[in-house]
Amino acid sequence: MAEMWINMGPQHPMTHGLWNLRVKVDGEVIVDAVPEIGYLHRGMEKLFENRTYTQIAPITDRLCYGSSFTWNHLYCLTAEKLMGLEIPERAKYIRVMAIEIQRIGNHLMWLGAYAADLGLLTGFIWALREREIFIDLMQSLSGSRLTYNYARIGGVAADLPTNFERDCLRAVDYFERKLPEHEALYGKSKIFLMRNEGVGILKREDAINLGVTGPVLRASNAKIDIRKENPYEVYDEIDFEPHCSDLCDCYGRYLVRMNEMKESCKIIRQTLKKMPAGPVRVKTPLEGAPGEAFGRVEDSRGEGMMYVIGDGTEKPYRLKVRSPLFVTLSAAKKMLVGYKLADVVAIMGSIDVCMGETDK
Amino acid sequence: MATAKNRPAKQSDFHVKLARELPPLLDNMPLDFEAKDDWLATMRCDKGAILKLSKILSERFIFEHFSLVTAVDRLDKFELIYHITSYQNHCMLEIRVAVPKDDAKVPSVTPVWGGANWHEREAYDMMGIVFEGHPDPRRILLPQDYLYFPLRKDFNMEGE
Chain W
66 MAEMWINMGP QHPMTHGLWN LRVKVDGEVI VDAVPEIGYL HRGMEKLFEN RTYTQIAPIT
126 DRLCYGSSFT WNHLYCLTAE KLMGLEIPER AKYIRVMAIE IQRIGNHLMW LGAYAADLGL
186 LTGFIWALRE REIFIDLMQS LSGSRLTYNY ARIGGVAADL PTNFERDCLR AVDYFERKLP
246 EHEALYGKSK IFLMRNEGVG ILKREDAINL GVTGPVLRAS NAKIDIRKEN PYEVYDEIDF
306 EPHCSDLCDC YGRYLVRMNE MKESCKIIRQ TLKKMPAGPV RVKTPLEGAP GEAFGRVEDS
366 RGEGMMYVIG DGTEKPYRLK VRSPLFVTLS AAKKMLVGYK LADVVAIMGS IDVCMGETDK
Chain A
48 MATAKNRPAK QSDFHVKLAR ELPPLLDNMP LDFEAKDDWL ATMRCDKGAI LKLSKILSER
108 FIFEHFSLVT AVDRLDKFEL IYHITSYQNH CMLEIRVAVP KDDAKVPSVT PVWGGANWHE
168 REAYDMMGIV FEGHPDPRRI LLPQDYLYFP LRKDFNMEGE
C-alpha cells in the first residue's frame, strides 16, 4: 500500500494545545512521525531579558497553565540562588506543600484529559470534580485559580489563611478516599486496558538517551526523581518514595501518575505537621549579583531547569528555560513507530502535553 | 539551596577522578576543571573538541542525560553552556564553549545524546549558531522563512 503523510494538528482534539504531529502511515501502521511545534511561541526568554527580576515572576506562571506554581517556584528558586538569599524555613515548607497541591491538580487535569481522549467521559468529569478542590486550596492561598504568582523571590507572598490547615487536611482525606474509585474506573475498564497495555513502549535506554524525564521516564523503569536526587527546599526532610513501573507503556505512565498523587498526599500531610512558625519572606535586593546560577526541580512533567546569568543590574542578562515536555515531545517518534494510527491519541495523551512550556 | 546543616562536602571522589583522567584523553587541553560542590563541576572546552569530549563522557564516565544547552550572546563572541548529568555517578558537569561570531559553527552532540536534538535546534533558531552534523538542522519555534535571530543582543525589538 502507498505510504502517505497525515497532519494531526494544529487543530486536532489529540493535541491539547497547538502543535502539529505529522505521521507517515503505511496503511494503518505508523512508519515515521515528525512533531512540529512553535504555534504558541511568545518569546518568553526575550521577555525575561527586558524585565526586572520582580516583573519576571508573574510571567513565569504563563509557562504552563496546568502546573503554574512549579514554574513560578522554579524561577524564584533560581533568582534566590543568584542573589545568595536564604529563605525562612516556614516559607520552604509552604512552597513544598503548594508544589504538591499543584502536582495533584496537574495530574488530575491530565487524568481527565486522558480519559476524555480515550472516550471515558465519566473519568473526565470525575477528575475535574476532584481537581476543583485543589484549585480552591490554591485560590485561598494566592487569590487566583490558575496563574497564582504566589512564590516571591525571598519566600512566598503571604502566610497561610485562617483554617487553611483544616481545609487542606479535609481535602487530602477526601481525595484519598475517592482515589480507589478512580482506580477502579480505569483499572477494571476492559476498553481502557486494551488501549493502553503494550502501547507506546519506550525502553529504558531509549528514554534516558533521548533526555526524557519525569513520570514518562519513571514509567520506563528508571527510578529517577530530582526531589530525591538533588533535594531542593525541604524535600530531604520529608519521607516519600518515587514510584516507577517496568511496563514502559501507556498503562505504566498511568500507574506512575496515580501513585504519585498518593505520595503527594503523604507529603502534604508531613509538611503541615512539620511546618515551623515564623516569617514567610525576607527582604530582597533589586539587583541580581553578577554571575550564574541554576535551579533544577521535578516539575509535574519532569526535569524543569532555569539557568540565569546576572550582570549586576536589575535585569537578567540571559534566562534560559529547560522545559521537560520540549524534550519528551522530541521522543515521540520512538514511541509511535510501529503502532496503529488509532494509538496516536493514547500515546500522545499519556505524556501529558502542555504547549505553553514547550513553545515558551 | 543547601542550608548550613546539610551542606555537602566540597568535592566528590568522582570529581577527582574526572579532573585526573580527562586531560590526558584530550591531548592535555586546558580544561579549568573546578568542583563547585559535591555534585556540580564546571569546565571549559575548545569548540572543535566538543564531540570527542562528549563521546568520552558518555562512554567512559557514564554521563547518560543531556539536560540543557544555553546559547549566550557575549557581544564579542557567543558562548554555549552545556549541562550534562550522570545519574549513576551523581554528578552534573557544566561545559563552557566559546564560539567566535564570524565562524559560529559547532559540532553537534546529537549523535551521542539524542536529547540534545531539539535543544540544538532551538539554539540555532534563537542565536544562529550552526550545529554541524545535526540530523535535522531546521528552525524549531519560529517560521522557517524568518530572517532574524531574536535572542542576539543586537536584535531590533522595535521593528523596521
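These protein sequence lines map, in sequence, to chains W and A. For the first sequence, my numbering gives the first residue as 66, with consecutive numbering after it. For the second sequence, my numbering gives the first residue as 48, with consecutive numbering after it. Positions of the beta carbon are idealized from the N, C-alpha and C atoms, including for glycine.
Proximity winner among A:CYS138, A:PHE202, A:HIS130, A:ALA118, relative to ASP60 (chain A) (alpha-carbon distances): If we check each option's Cα against that of ASP60 (chain A), A:CYS138 comes out closest.
Boundaries (first-last residue) of the beta strand (DSSP E) holding LEU384 (chain W): Unbroken beta strand (DSSP E) run through LEU384 (chain W): 381 to 387.
Quick one: which residues of the region 346 to 371 of chain W get their C-beta closer than 7 angstroms to a C-beta of chain A? List them in chain order. Of all residues in the region 346 to 371 of chain W, GLU368, MET370 have a Cβ within less than 7 angstroms of some Cβ in chain A.
Which chain W residues sit within Cβ distance under 8 angstroms of THR157 (chain A)? The premise fails here: THR157 (chain A) is roughly 10 angstroms from chain W at the closest Cβ pair, so nothing lies under 8 angstroms.
Could you give the residue range of the alpha helix (DSSP H) that holds CYS141 (chain W)? Its alpha helix (DSSP H) spans residues 133 to 148.
In whole angstroms, what is the alpha-carbon distance linking ALA156 (chain W) and ILE273 (chain W)? Approximately 34 angstroms, taken between the alpha carbons.
Which of the three DSSP states is assigned to PHE108 (chain A) in this structure? DSSP places PHE108 (chain A) in coil when its eight states are reduced to three.
Taking the alpha-carbon of ASP84 (chain A) as reference, which of A:ASP201, A:LEU140, A:ASP183, A:ALA163 has the nearest alpha-carbon? Of A:ASP201, A:LEU140, A:ASP183, A:ALA163, the residue nearest in Cα terms is A:LEU140.
Below 7 angstroms CB to CB, which residues in the same chain sit around CYS233 (chain W) once its five sequence neighbours on both sides are set aside? Excluding sequence neighbours, CYS233 (chain W) sits near LEU202, ILE333, LEU337.
Report yes if the CB atom of LEU225 (chain W) is closer than 8 angstroms to the CB atom of ILE159 (chain W), and no otherwise. Less than 8 angstroms separates the beta-carbon of LEU225 (chain W) from that of ILE159 (chain W).
What are the start and end residues of each continuous beta strand (DSSP E) run of 3 or more residues lying completely inside the region 96 to 156 of chain A, in chain order? Here the runs fully enclosed are 112 to 120, 124 to 133, 138 to 147, 152 to 154.
Pull the bridge partners of ILE374 (chain W) from the DSSP assignment, please. Answer is W:GLU357, W:ARG383, bridged to ILE374 (chain W).
Chain-order list of residues whose beta-carbon lies under 6 angstroms from that of THR393 (chain W) (same chain, five-residue window excluded): Within the same chain, and ignoring the five residues on either side of THR393 (chain W) in sequence, the residues whose Cβ sits closer than 6 angstroms to its Cβ are VAL277, VAL281, ILE416.
On the premise that CYS330 (chain W) lies in contact with GLU241 (chain W), defined as a C-beta separation below 8 angstroms, what is that separation, rounded to the nearest angstrom? Separation of the CB atoms of GLU241 (chain W) and CYS330 (chain W) is rounded to 5 angstroms, and the pair is thereby assigned contact status at 8 angstroms.
Leaving out five residues before and five after LYS399 (chain W) in sequence, what residues of the same chain have Cβ atoms less than 7 angstroms from its Cβ? For LYS399 (chain W), where only same-chain residues beyond five positions count, the Cβ hits under 7 angstroms are LEU267, ASP271, LEU275.
Using a threshold of 8 angstroms, state whether the C-beta atoms of LEU115 (chain A) and MET370 (chain W) are closer than that. Contact flag set, yes.
Kindly indicate which residue of W:GLY265, W:VAL88, W:ALA67, W:ARG210 has the alpha-carbon position closest to the one of PRO75 (chain W). Cα-wise, what sits closest to PRO75 (chain W) is W:VAL88.
Which same chain residues end up closer than 6 angstroms to TRP175 (chain W) when comparing Cβ atoms and leaving out the 5 residues on each side of it in sequence? Correct list, in chain order: ASP417.
Would a C-beta distance cut-off of 8 angstroms place HIS106 (chain W) and LEU189 (chain A) closer than the cut-off? A contact, by the Cβ cut-off of 8 angstroms.
Any idea if GLU93 (chain W) is buried or exposed, counting beta-carbon neighbours within 10 angstroms, 16 or more meaning buried? By the 10 Å Cβ count, GLU93 (chain W) comes out exposed.
Check the C-beta distance from VAL401 (chain W) over to ILE95 (chain W) and give it rounded, since I have them as a contact under 8 angstroms. What sits at residue 401 (chain W) in the sequence shown is Leu, not Val. Contact between LEU401 (chain W) and ILE95 (chain W) holds, with the beta-carbon distance rounding to 5 angstroms and staying under 8 angstroms.
Buried or exposed for PHE426 (chain W), going by 16 or more other Cβ atoms inside 10 Å? Nothing can be reported for residue 426 (chain W), as the shown portion of chain W is limited to 66 through 425.
Establish whether the CB of LYS111 (chain W) and some CB of chain A are separated by less than 8 angstroms. With 8 angstroms as the cut-off, LYS111 (chain W) counts as an interface residue toward chain A.
Under a three-way DSSP split, which group does THR50 (chain A) fall into? Confidence in THR50 (chain A) is poor, its pLDDT being 42 and thus under 50, which makes the residue's placement too unreliable to answer from.
For GLY369 (chain W), the three-state DSSP class (helix, strand or coil): When secondary structure is reduced to three states using DSSP, GLY369 (chain W) falls in the strand class.
By a C-beta neighbour count over all protein chains shown, 10 Å radius and 16 as the cutoff for buried, is LEU194 (chain A) buried or exposed? Only exposed fits LEU194 (chain A), as fewer than 16 other CB atoms lie within 10 angstroms of its CB.
What does CYS313 (chain W) pair with, by DSSP beta-bridge criteria? Its beta-bridge partners do not exist; DSSP assigns none.
If we call anything under 8 angstroms between Cβ atoms a contact, is LYS348 (chain W) one with GLY219 (chain W)? Yes, they are a contact pair.
Tell me whether the beta-carbon of GLU114 (chain W) lies closer than 8 angstroms to the beta-carbon of ARG318 (chain W). No.
Leaving out five residues before and five after SER310 (chain W) in sequence, what residues of the same chain have Cβ atoms less than 6 angstroms from its Cβ? The beta carbon of SER310 (chain W) sits closer than 6 angstroms to those of ALA284, GLY317, LEU320, VAL321, all from its chain and outside the five residues before and after it, given in chain order.
Consult DSSP for ASP97 (chain W) and reduce its assignment to one of helix, strand or coil. For ASP97 (chain W), the three-state secondary structure derived from DSSP is strand.
Measure the C-alpha to C-alpha separation of GLU294 (chain W) and LYS425 (chain W) and round it to an integer number of angstroms. Distance from the CA of GLU294 (chain W) to the CA of LYS425 (chain W), rounded to the nearest whole angstrom, comes to 26 angstroms.
Is the CB-CB distance between LEU211 (chain W) and ALA163 (chain W) below 8 angstroms? No, the Cβ-Cβ distance between LEU211 (chain W) and ALA163 (chain W) is not below 8 angstroms.
Report yes if the CB atom of ILE187 (chain A) is closer than 8 angstroms to the CB atom of TRP165 (chain A), and no otherwise. Going by beta carbons, ILE187 (chain A) and TRP165 (chain A) fall inside the 8 angstroms limit.
Contacts of GLY180 (chain A) in chain W (Cβ-Cβ under 7 angstroms): The contacting residues do not exist; GLY180 (chain A) stays about 17 angstroms from chain W at best.
Per DSSP, MET73 (chain W) is paired with what? Beta-bridge pairing links MET73 (chain W) to W:LEU86.
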